[in-house]
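K.L.:
Protein chains in written order, with the numbering used here: chain A, 16 to 135; chain B, 16 to 135; chain C, 16 to 135; chain D, 16 to 135.
Protein chains: 4
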Amino acid sequence: MEFNNNKPIYLQIADYVFDKILSGEWTAGERIPSVRELGANLQVNPNTVVRTFDFLQGESIIFNKRGIGYFVAEEALQRIVKLNRAKFFSSQLPSMFKTMNALGISCTEILTQYEDFIKQ
Amino acid sequence: MEFNNNKPIYLQIADYVFDKILSGEWTAGERIPSVRELGANLQVNPNTVVRTFDFLQGESIIFNKRGIGYFVAEEALQRIVKLNRAKFFSSQLPSMFKTMNALGISCTEILTQYEDFIKQ
Amino acid sequence: MEFNNNKPIYLQIADYVFDKILSGEWTAGERIPSVRELGANLQVNPNTVVRTFDFLQGESIIFNKRGIGYFVAEEALQRIVKLNRAKFFSSQLPSMFKTMNALGISCTEILTQYEDFIKQ
Amino acid sequence: MEFNNNKPIYLQIADYVFDKILSGEWTAGERIPSVRELGANLQVNPNTVVRTFDFLQGESIIFNKRGIGYFVAEEALQRIVKLNRAKFFSSQLPSMFKTMNALGISCTEILTQYEDFIKQ
DNA sequence: GTGGTCTAGACCACC
DNA sequence: GTGGTCTAGACCACA
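1. Give me the residue from GLN27(C), PHE33(C), ASN20(C) and LYS22(C) with the minimum Cα distance to VAL87(C).
2. Is LEU53(C) closer than 8 Å to PRO64(C) when the C-beta atoms are compared?
3. For ASN79(D), report the span of its beta strand (DSSP E) as first-last.
4. Pick helix, strand or coil for GLY157(C), following the three-state DSSP scheme.
5. Taking C-alpha atoms, which residue in GLN27(A), SER110(A), THR67(A) and ALA43(A) lies nearest to LEU92(A)?
6. Assuming PHE103(A) and LEU118(B) make a contact with CB atoms under 8 Å, what is their CB distance in whole Å?
7. With a threshold of 16 other CB atoms inside 10 Å of the CB of LEU57(A), please say whether the residue is buried or exposed.
8. I'd like to know if LEU108(B) contacts chain A, where contact means its C-beta is closer than 8 Å to some C-beta of that chain.
9. Rounded to whole angstroms, what is the Cα-Cα separation between ASN19(A) and LEU26(A)?
10. In chain order, what residues of the same chain have a beta carbon less than 8 Å from the beta carbon of ILE125(C), not counting five sequence neighbours either side?
11. For chain B, is any of its Cβ atoms less than 8 Å away from the one on ALA117(A)?
12. Pull up the CB-CB distance for TYR85(A) and PHE68(A), whole angstroms please, since I reckon it's below 8 Å.
13. Starting from LYS134(B), follow the alpha helix (DSSP H) in both directions and report where the run begins and ends.
14. Going by DSSP, which residues form a beta bridge with ARG46(D)?
15. For ASN19(D), does the three-state DSSP call read helix, strand or coil?
16. Assuming ILE28(D) and ILE47(D) form a contact by the criterion Cβ under 8 Å, report the distance between their Cβ atoms to the nearest whole angstrom.
17. Among ILE120(C), SER106(C) and GLY73(C), which has the Cα closest to the Cα of ARG94(C)?
18. Would ASN56(C) pass as an interface residue toward chain D - the criterion being a Cβ-Cβ separation below 8 Å?
19. With DSSP run on the structure shown, which of helix, strand or coil describes ASN60(B)?
20. Which term fits ARG66(C), buried or exposed, when burial requires 16 or more other beta carbons within 10 angstroms of its beta carbon?
21. Going by beta carbon distance, what residues of the same chain come within less than 6 Å of MET16(A), once the five residues before and after it are set aside?
22. How big is the Cα-Cα spacing for VAL50(A) and ASN99(A)?
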């Protein structure tokens, strides 16, 4: 996996987990890979994965059974959607509108870009 | 001036300079405040302003006359717009599209939000 | 390490890094000493080393892995040679020719000196 | 006059004076332009010219008659040549040889460049 | 552990 | 006065 330099790796791993759950690959109640396993898989220090799991557990998206591993929470899917939608509408979108305004970028430009993005 | 904790202060000062130039308050060839002056003005350590000016000079937005001060470059305005547009289209927009996709947010939803934003 | 007063220390440290890479002591992909380590080693404030590394990263001679350290870039060697050659032919050489001209120093005189230099 | 950023302006003005004397335009015993005159002429702060003249007087290349102005010293020409030759052979040349060595630049390359330089 | 940022204060060359 | 550099020491996010 390749990591973006603008965002902490542990959050990018969280996004990776989100993808797995949103896509249905990992379902509620299912055990997810261990810290070491995922670390080796993504070529990342296990400590970094620990941090991701800490974060996800704090958001009640995964939970821990001591000595066994981490599991996808029941409400994981809804929580992820909720979490991301909230962030999207409260922070990502307004900041985008602001820079659009400042740079004189029109909505039609965005729509064109979006169509290009979909086609890929 | 109040600073956001998510972004280095020296880059926020760069944004401040961008604003001044984009708004036409500081024009090409004009001298801008000295490191010490701006530092005192924004309640920031002069060294932090030095760092901002280093960055802006690297981007050819300001230039230096030794012993005199910093001046707005001729092409400053265009460079700023170009810089910001590049960042917008290469990083901000794609990341937005990705989360839109993941969360099933449609373009029409965005447009509605945009109209609300404009009205404010 | 002893530093020359005519040139900023952080650039002299850059030259030190250049030497290490040109001599093959540090090879592409290899991790280089940390800011603190090199600072202690060269008896220089770590911040000064930070500045060197900033410069070298800007020139794409080293790159950074967050939380891990700095590494020699793949193309480092070529870039260093290119950088130094550019500086030599665009600035050092013409200024030498100019003073040769002004002082009436001939090429043969230079060649003699060069042979002496080689012998040492 | 255009100034190079690598060298203090006051020393570049000194080079300008050297040129005038070496070319015979200003001869021994002759009065040279006043600080204000030269400052206006070269678009430089008069204080900077003062510094140049200080330096030149220290090197006994010009001398001062109070209330009248600065004059070219008798031995000016020889001193300039001596000064520049000394600097050339003791510092400029060795440093050039060093970088030639480090970058693998041969003498023939230099000679070719020199011929190009002469033709201009 | 790593680098990134910031402050405070100092000294310097230069204009 | 200006910027350029350096030190010392601090706090932080990240791996």
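All C-beta atoms in this analysis are idealised placements derived from N, C-alpha and C, irrespective of residue type, glycine included.
P.N.:
Judging by the given coordinates:
1. PHE33(C)
2. The sequence given here has Val at residue 64(C), not Pro. Closer than 8 Å, so yes.
3. 77-80
4. This structure cannot settle anything about residue 157(C), because the visible part of chain C is limited to 16 through 135.
5. ALA43(A)
6. 7 Å
7. buried
8. yes
9. 10 Å
10. So the list reads MET115, once near-sequence residues are dropped.
11. yes
12. 6 Å
13. 122-134
14. PHE86(D)
15. coil
16. That belief does not hold up - the Cβ atoms of ILE28(D) and ILE47(D) are roughly 11 Å apart, past 8 Å.
17. When only C-alpha atoms are compared, the closest one is GLY73(C).
18. no
19. coil
20. buried
21. LEU57
22. Taking the Cα positions, VAL50(A) is about 24 Å away from ASN99(A).
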